[in-house]
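Chains as they are written, first to last, in the numbering used here: chain A, 1 to 244; chain B, 1001 to 1244.
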DNA sequence: GTTGGAATTACTGTATACAATAAATAGCTG
DNA sequence: CAGCTATTTATTGTATACAGTAATTCCAAC
């Protein structure tokens, strides 16, 4: 593919490139691939994301990669340092607090709306998601479980009917996964799995206020499970370590 | 018009752009210029934003313009249609409702925090902003007034101390300006100007709950002032007009 | 005069070349 | 051999060339 300058302008070559996917979908797929890898902690906070490397892996040019990195940066999953390139964001303790406070405000505030719009179909879907999450957790796939858990919260927000707030919750959940990756205890997923089932119960019963209170406790529990110690600097402070 | 094949490559121009600013700042300035123009309705919803044209105006290449357009698109101020390019977003009535519901939830929810952190300095700054807004309105600069009003709401959210929620409010306010541009009545700015001063009073008094209730009414008033009629299609529906 | 279709044009999508800068390394010099 | 500077290398930033596609115009035919 290095000598791609075949002079033939016929449509055959065009068809070939469009073989499976529209260029747009391809970009979206790559975006999701990177995003998932970050959320699932296969790419750890601080990991550098070199443009060339990504371009090689996904078989597109740096142009497309840069677009994707920019998007991830605006979503705060990736940090773009001028002339240093991209790396997976390492959330600070302050950011973590902000994110969880925001989730308190928004996700709890949405519960009454969700309860109002909750039907059998929706409840069944949520139960299915909760089940997947439990299974992943049981089989030791913690990273996947974290993502399923985030998916659950996002779907819940979508059921409120407010697309803008749902999208915001999506961002918050992605960032929460990062936060869990950094500050969470090994083997302790933020969400207790049965919590989600309980929540579905309240929502199905149309008890928005109870669901709201439960969600509040639920989020507080997740936040409390974090150990908020700033991780060691990459470059250790020699002064501090060896005294003066 | 675009004699793009002018053989003269003004490398000097590169130096020129770095003269006073880092390339980054330049980009940011252009971003703000476009964003402001949209928010102030100098660029009206539906207006096409051609890459070449913008590149010419700002003296950078399409590469940089595309980056900026993508950012604006992620903030939903600009709509990016594949192979059709960029245009100023024309919010739908549904989006308008979502945005104002989101503002109800978030901005009202922040008032207690804001009241708690409100000091003399902050109050003075807010009063200054409210004053600027009133003056702009009085001198007939409605577009500028809309932006000042948005600035006020954003600054308020920032005072809550939660950067994540403040940024979200910023987005919501930008979109609100667009919504006002489309659905607002001429000569009727959403916010009553004295409203903002009243609000500062409650906050300064530390009365978060009262501020919250006031903000709620304030936002409801803005929303109520909109005339939620979808604008006529460019291509009229002949079937509907002439019956069957 | 309208319609259908071909040629032209205008614009976006993508890759790539080259410039600029930060990091790493090597080569001096005391 | 430590510490500093020069050179090389790795990597990002920006412009531009070219390809592909939608829109437009023009022309012929009915």
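Glycine included, every Cβ here is placed at the ideal spot set by N, Cα and C.
Span separating the alpha-carbon of residue i from that of residue j
{"i": "residue 43 of chain A", "j": "residue 225 of chain A", "result": "22 Å"}
{"i": "residue 118 of chain A", "j": "residue 162 of chain A", "result": "14 Å"}
{"i": "residue 1079 of chain B", "j": "residue 1071 of chain B", "result": "11 Å"}
{"i": "residue 36 of chain A", "j": "residue 1186 of chain B", "result": "46 Å"}
{"i": "residue 1054 of chain B", "j": "residue 1075 of chain B", "result": "19 Å"}
{"i": "residue 157 of chain A", "j": "residue 110 of chain A", "result": "7 Å"}
{"i": "residue 1214 of chain B", "j": "residue 1200 of chain B", "result": "11 Å"}
{"i": "residue 1021 of chain B", "j": "residue 1029 of chain B", "result": "The predicted position of residue 1021 of chain B is uncertain, since its pLDDT is 49 and thus under 50; a value taken from the coordinates is nonetheless stated next. Going by the C-alpha atoms only, they are around 10 Å apart."}
{"i": "residue 81 of chain A", "j": "residue 25 of chain A", "result": "28 Å"}
{"i": "residue 27 of chain A", "j": "residue 1083 of chain B", "result": "15 Å"}
{"i": "residue 1221 of chain B", "j": "residue 1167 of chain B", "result": "23 Å"}
{"i": "residue 1325 of chain B", "j": "residue 1096 of chain B", "result": "No answer is possible for residue 1325 of chain B: the residues shown for chain B start at 1001 and end at 1244."}
{"i": "residue 153 of chain A", "j": "residue 176 of chain A", "result": "11 Å"}
{"i": "residue 33 of chain A", "j": "residue 1192 of chain B", "result": "47 Å"}
{"i": "residue 1098 of chain B", "j": "residue 94 of chain A", "result": "28 Å"}
{"i": "residue 1138 of chain B", "j": "residue 1131 of chain B", "result": "10 Å"}
{"i": "residue 198 of chain A", "j": "residue 229 of chain A", "result": "31 Å"}
{"i": "residue 1060 of chain B", "j": "residue 140 of chain A", "result": "51 Å"}
C-beta contact flag for residue i and residue j at 8 Å
{"i": "residue 1182 of chain B", "j": "residue 1091 of chain B", "result": "yes"}
{"i": "residue 1165 of chain B", "j": "residue 1077 of chain B", "result": "no"}
{"i": "residue 223 of chain A", "j": "residue 58 of chain A", "result": "no"}
{"i": "residue 196 of chain A", "j": "residue 133 of chain A", "result": "yes"}
{"i": "residue 1104 of chain B", "j": "residue 1219 of chain B", "result": "yes"}
{"i": "residue 172 of chain A", "j": "residue 102 of chain A", "result": "yes"}
{"i": "residue 113 of chain A", "j": "residue 174 of chain A", "result": "no"}
8 Å CB neighbourhood of residue i in its chain, flanking five on each side removed
{"i": "residue 51 of chain A", "result": "62, 65, 66, 69, 85, 86"}
{"i": "residue 1155 of chain B", "result": "1125, 1126, 1129"}
{"i": "residue 1031 of chain B", "result": "1068, 1071, 1072"}
{"i": "residue 1123 of chain B", "result": "1200, 1203, 1204"}
{"i": "residue 216 of chain A", "result": "104, 108"}
Own chain, CB closer than 6 Å to residue i, minus 5 neighbours either side, in chain order
{"i": "residue 115 of chain A", "result": "203, 206, 208, 211"}
{"i": "residue 48 of chain A", "result": "87"}
{"i": "residue 248 of chain A", "result": "Given a span of 1 to 244 for chain A in the structure shown, any question on residue 248 of chain A remains unanswerable."}
{"i": "residue 120 of chain A", "result": "none"}
Opposing strand residues paired with residue i [DSSP bridges]
{"i": "residue 48 of chain A", "result": "A:87"}
{"i": "residue 80 of chain A", "result": "A:86"}
Spatial neighbours of residue i in its chain, beta-carbon cut-off 7 Å, leaving aside the 5 residues before and after
{"i": "residue 89 of chain A", "result": "45, 76, 77, 78, 79, 178"}
{"i": "residue 1227 of chain B", "result": "1183, 1185"}
{"i": "residue 1151 of chain B", "result": "1129"}
Would you check if the segment 125–143 of chain A and the segment 206–214 of chain A touch, i.e. whether three or more CB-CB distances between them fall below 8 Å? The segment 206–214 of chain A makes no contact with the segment 125–143 of chain A; the number of CB pairs closer than 8 Å stays below 3.
Spell out a yes or no on whether the segment 1136–1148 of chain B and the segment 1034–1048 of chain B are touching, meaning 3 or more CB-CB pairs, one atom from each, closer than 8 Å. Yes, since at least three Cβ pairs between the segment 1136–1148 of chain B and the segment 1034–1048 of chain B fall closer than 8 Å, the two stretches touch.
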